[in-house]
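See below for the structure under consideration.
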Amino acid sequence: MGRLFVQSLEGKIYSCKHCRTHLALCEHIVSKSFHCRHGKAYLFSKVVNVTSGEKEERMMMTGLHTVADIFCVGCGSIVGWKYETAHEKSQKYKEGKSVLERVKMSGPDGSNYWVSHEAQVGSSDADDLCDGSTGVANCNIAIIRNYSQQYGGKKR
1 MGRLFVQSLE GKIYSCKHCR THLALCEHIV SKSFHCRHGK AYLFSKVVNV TSGEKEERMM
61 MTGLHTVADI FCVGCGSIVG WKYETAHEKS QKYKEGKSVL ERVKMSGPDG SNYWVSHEAQ
121 VGSSDADDLC DGSTGVANCN IAIIRNYSQQ YGGKKR
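Numbering (the UniProt record's numbering), first residue to last: 1 to 156.
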């Protein structure tokens with residue numbers, strides 16, 4: 001593998017949560033309605049400072065796609081995936097675009113996104129409670145409150 005150069009971006013930047021390497025600009029967001037196992041994810045038309053893993057076929061909520069995981073060049077963390085091929089005609093718009101997982105990045109204002117319990121078990125909206133703007137204490141309270149509502153306060 002050759003030498004990797006890190007590209008710096010100007011503007012409203014999404015960066016790697018672990019090492020702060022720039023990943024994408026706010027203006028390159030195509031959609032904020034994507035989902036991953038940790039909660040919400042954003043589809044970007046352009047990302048930088050990532051390397052791609054092996055291409056593989058994955059059955060996703062919208063059908064079969066050929067995708068490759070993408071990794072931050074700064075720290076090697078997986079930050080999302082890239083759509084190589086969409087097999088459904090209605091999904092062709094995704095080809096060549098990348099999805100960044102919200103929980104893996106810092107927002108343009110420097111805030112981190114947090115994973116809540118519900119996001120881990122399938123709900124994708126619960127991480128809105130913990131978007132980094134409310135602080136860790138309030139985030140923990142929101143997680144406990146949601147856990148109690150979902151499970152009736154019972155411990156498992």
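Ideal Cβ placement from N, Cα and C applies to all residues, glycine included.
For threonine 51, the closest of Gly110, His28, Ser31, Val67 by C-alpha to C-alpha distance is Val67. Relative to the Cα of glutamate 88, the nearest Cα in the group Ile29, His65, His38, Val99 belongs to His65.
The shortest CA-to-CA distance from glycine 76 to any of Leu9, Phe5, Tyr14, Cys19 is the one to Cys19. With fewer than 16 other CB atoms across the displayed protein chains lying within 10 angstroms of its CB, threonine 62 is exposed. Between proline 108 and cysteine 26, the gap from beta carbon to beta carbon is short of 8 Å. Between the alpha carbons of cysteine 16 and glutamate 54 lies a distance of about 21 Å.
Counting the other Cβ atoms within 10 Å of the Cβ of methionine 105 gives 16 or more, which makes it buried. Residues His65, Val67 of the same chain have their beta carbon placed closer than 7 Å to that of arginine 58, with the five preceding and five following residues left out of the count. Contact check for leucine 43 against lysine 97 passes: the beta carbons are separated by less than 8 Å.
Counting the other Cβ atoms within 10 Å of the Cβ of lysine 46 gives fewer than 16, which makes it exposed. For valine 6 against asparagine 49, the beta-carbon gap comes to about 6 Å, under 8 Å, which counts as contact.
Tyrosine 93 is classed as exposed because its beta carbon has fewer than 16 other beta carbons within 10 Å across all chains shown. The alpha carbon of phenylalanine 71 has as its nearest neighbour, out of Glu95, Gln91, Thr85, Val99, the alpha carbon of Val99.
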